[in-house]
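First the structure, in the form of structure tokens, and then the observations on it.
Chains as they are written, first to last, in this note's numbering: chain A, 11 to 330; chain B, 11 to 330.
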């Protein structure tokens, strides 16, 4: 399968493909509504930075997630850009129907992500139905979306569940195969509450490559316990080439509300890009404009975000 | 050489040895003086948590670093604890003389650390003399301290210099050997401004083990760019067993002042211990009392510090 690392024309060469998640996973639990024009401006800015994939919005129920009540408006207004895939999240069949209706109206996402949980308890609390029910829904979603969108299967709590603890790796591998049998060959492995460790990441990636070589795994780590970059490096060294992250490290599950604890957040894009580039891994992104976008996001949210590189500045000239 | 991982009697078994650096590297650039009784109380608390090594103070010039004007008072008041080595930093010959005078008076540090910079520019700015001059001083310091203290050689900016950029690994390896030839077989490799990457860490540790197998390297990473834990994991996997860190991730070089940029800090002890224990690597420390000590440190400094685990809470019961 094509892996997005091959870029055409003047696009920069890249060794890894990053998906910028600020506008969806980042904003999902922001209490203040970010107006549609600002969302569109930011997403277009991310696309111009050189990301091959940008998570744009979610077809959530507006009564549950008011932040994405403007999902269709955002996608309608978003200027298209060659080489950039816009992603929208779909948690259920109704969401896919909305995504299809937008497409029929002449705009919409390039890619939609479907959601499943690796644990029964997380499925019940996050999706409000059993794993068995959700998998039936996913089959229906895939049937109706096939050929219209590029599909990404997401597996939450793949490295540990805040309610059940350890998640059996064999069950995760079986879920990945389940997506693959449905024809969904891009699968996001979510460390939803920061329970992965470098050895557990490595183990899953190694098994996955052996058992499902036709699946393209997408690493999605949350930095809940400060381990995001360490887990990204472990995934990279185990062969991962696709990563999700969010500018400023915002987003992730609202641990304080949902799981009785405090800070959370995605892996911070600026810090991950700085580390990758320092390691000689080409991201196709330039750091200075990325940091400018980070300052923009801080201004929009009205507070300092979590990028260490933005706070510390780039390393001195001459650094490897 | 003994490596501190062997513990006697009721002390907990450990696979790695952590040195808690809050009281020295952590406090070094705190603008507000922490009173002597509070310092002694915190250091004693760290020792009781199960750290084998605790950085207690620095024999700095009080006019330059007023925070450590009470170095001798702290060491005099500190209750001794079996199995715990207290360390004091000595930047010059005068500092070693003070350390020896304290020892002659019946109290003092168990271990002193000597300082050298891996780059000429950093030596000039941080130690105010050339590398050649500093190495002559170190020879004199070792001569006078030999047999009285356990000696630790420190090498700042070993993974990159904020003024010169890349630091030649062969020069770092030669400096380590220089310490070893003086009989200083414990050498701290400092990533002073967070320029190390997992591959550069791995490369240095692999070379070091091949070239200087009798040297015990101590990993000292700053989290300036968010890479502290990723670099710790790389060092661990390359064979490192000794690590420096600071509760709350405080300290490190005052990047904003000295290097024209913002946030910095040591690797956060609570987050590193949580990750190590989740990986099945025994630290000899229990997390709950460690987090309590973190809360204590936050109260003393009057602000939230940088521990993600303290903010997010421990992972759910049942987690690996």
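From the three backbone atoms N, C-alpha and C, an ideal C-beta is built for every residue, glycine too. In this text, all values refer to a predicted model and were calculated from it rather than measured experimentally.
What beta strand (DSSP E) runs, 3 residues minimum, are completely inside the stretch 84 to 147 of chain A? 95 to 100, 121 to 127, all fully within the stretch 84 to 147 of chain A.
What first and last residue would you give for the beta strand (DSSP E) that runs through residue 324(B)? It is not in any beta strand (DSSP E) - residue 324(B) carries neither H nor E in the DSSP assignment.
If contact means a Cβ-Cβ distance below 7 Å, which residues of the stretch 241 to 253 of chain A contact chain B? Correct list: 243.
Local conformation of residue 246(B) per DSSP, three classes: Secondary structure of residue 246(B) (DSSP, three-state): helix.
CA nearest to the CA of residue 169(A), picked from 212(A), 160(A), 156(A): When only C-alpha atoms are compared, the closest one is 212(A).
Contact list for the stretch 202 to 235 of chain B against chain A, Cβ threshold 8 Å: The residues in question are 203, 204, 205, 207, 208, 209, 210, 233, 234, 235.
Beta-bridge pairing of residue 161(B) - partner residues as DSSP gives them: Beta-bridge partners of residue 161(B) (DSSP): 122(B).
Is it true that the CB of residue 198(A) sits closer than 7 Å to the CB of residue 338(A)? Chain A is shown from 11 up to 330; residue 338(A) falls before or after that span and cannot be answered.
Return the chain-ordered ranges of every alpha helix (DSSP H) run that is complete within the stretch 272 to 301 of chain A and spans a minimum of 4 residues. Whole alpha helix (DSSP H) segments, 4+ residues: 279 to 288.
Neighbourhood of residue 87(B) by C-beta distance below 6 Å, restricted to the same chain and skipping five residues each side: Excluding positions up to five away in sequence, the list reads 50.
Mapping the DSSP letters down to three states, classify residue 31(B) as helix, strand or coil. Coil, per DSSP.
Is it a yes or a no for the stretch 117 to 129 of chain A touching the stretch 146 to 158 of chain A, going by three-plus beta-carbon pairs under 8 Å? Per the Cβ contact rule, the stretch 117 to 129 of chain A is in contact with the stretch 146 to 158 of chain A (3 or more Cβ pairs under 8 Å).
Determine, for residue 179(A), whether the minimum Cβ-Cβ distance to residues of chain B falls below 7 Å. The C-beta of residue 179(A) comes no closer than 7 Å to any C-beta of chain B.
Residue 248(B) vs residue 291(B) beta-carbon contact at 7 Å: Using a Cβ distance threshold of 7 Å, residue 248(B) and residue 291(B) do not count as a contacting pair.
Tell me the DSSP bridge mates of residue 59(A)? Note: residue 59(A) sits in no beta bridge, so no partner.
Residue 319(B) versus chain A: which residues are under 8 Å apart at the beta carbon? Here the neighbours are 235, 236.
Which residues in the same chain have their Cβ closer than 6 Å to the Cβ of residue 129(A), if we skip the five residues on either side of it in sequence? Take residue 129(A), set aside five residues on each side of it, and the residues of its chain with a beta-carbon closer than 6 Å to its own are 167, 171, 174, 177, in chain order.
Mapping the DSSP letters down to three states, classify residue 223(B) as helix, strand or coil. Reduced to three states, the DSSP call for residue 223(B) is coil.
Closer than 8 Å is the cut-off here; do at least three beta carbon pairs connect the stretch 56 to 68 of chain B with the stretch 297 to 313 of chain B? Enough Cβ pairs lie closer than 8 Å, so yes.
Candidates 279(A), 236(A), 295(A), 294(A), of which the one nearest residue 319(A) by Cα: Residue nearest to residue 319(A) within the set 279(A), 236(A), 295(A), 294(A) is 279(A) (criterion: CA-CA distance).
Pull up the distance between the alpha-carbon of residue 30(A) and that of residue 196(B), whole angstroms please. Rounded to the nearest angstrom, the two C-alpha atoms are 43 Å apart.
Bounding residues of the alpha helix (DSSP H) (the contiguous stretch that carries residue 70(B)): Run containing residue 70(B): none; DSSP gives neither H nor E here.
Could you give the C-beta distance for residue 275(B) and residue 316(B), rounded to a whole number, given that I count them as a contact under 8 Å? About 6 Å separates the CB atoms of residue 275(B) and residue 316(B); that is less than 8 Å, so the two are in contact.
Please name the residue in 282(A), 160(A), 71(A), 220(A) whose C-alpha comes closest to that of residue 232(A). Check the Cα spacing between residue 232(A) and each of 282(A), 160(A), 71(A), 220(A): the tightest is with 282(A).
Identify whether residue 317(B) lies in helix, strand or coil by the three-state DSSP scheme. Correct three-state label for residue 317(B): coil.
Residues bridged to residue 82(B) by DSSP? For residue 82(B), which the question treats as bridged, DSSP gives no partner whatsoever.
Which residues in chain A have a C-beta closer than 8 Å to the C-beta of residue 278(B)? List them in chain order. The answer, in chain order, is 236.
Determine the burial state of residue 106(A): buried for a count of at least 16 other Cβ atoms within 10 Å of its Cβ, exposed for fewer. For residue 106(A), the number of other beta carbons within 10 angstroms of its own is at least 16, and it is reported as buried.
Taking residue 194(B) as part of the beta strand (DSSP E), name the residues at either end of that continuous run. No beta strand (DSSP E) holds residue 194(B); DSSP gives it neither H nor E.
Nearest-angstrom beta carbon gap, residue 242(B) and residue 229(B) [assumed within contact, 8 Å]: Contact holds; Cβ gap of about 6 Å.
Taking only the alpha-carbon atoms, compute the straight-line gap between residue 23(A) and residue 90(A) and give it to the nearest angstrom. Going by the C-alpha atoms only, they are around 21 Å apart.
Cβ closer than 8 Å: which chain B residues qualify as neighbours of residue 281(A)? One finds 235, 236, 237 in chain B with Cβ atoms closer than 8 Å to the Cβ of residue 281(A), taken in chain order.
Anything in the stretch 280 to 309 of chain B with a Cβ closer than 7 Å to a Cβ of chain A? List those residues in chain order, please. For the stretch 280 to 309 of chain B, which is checked against every Cβ of chain A, the residues closer than 7 Å are 281, 284, 285, 288, 289.
Once DSSP output is grouped into helix, strand and coil, what is the label at residue 306(B)? Of the three classes helix, strand and coil, the one that applies to residue 306(B) here is helix, per DSSP.
Residues within the stretch 63 to 87 of chain B neighbouring chain A, beta-carbon criterion of under 9 Å: Those residues of the stretch 63 to 87 of chain B that come within reach of chain A (Cβ to Cβ, closer than 9 Å) do not exist; the list is empty.
Per-residue contacts from residue 105(B) into chain A (C-beta, under 9 Å): Simply none; closest approach about 29 Å.
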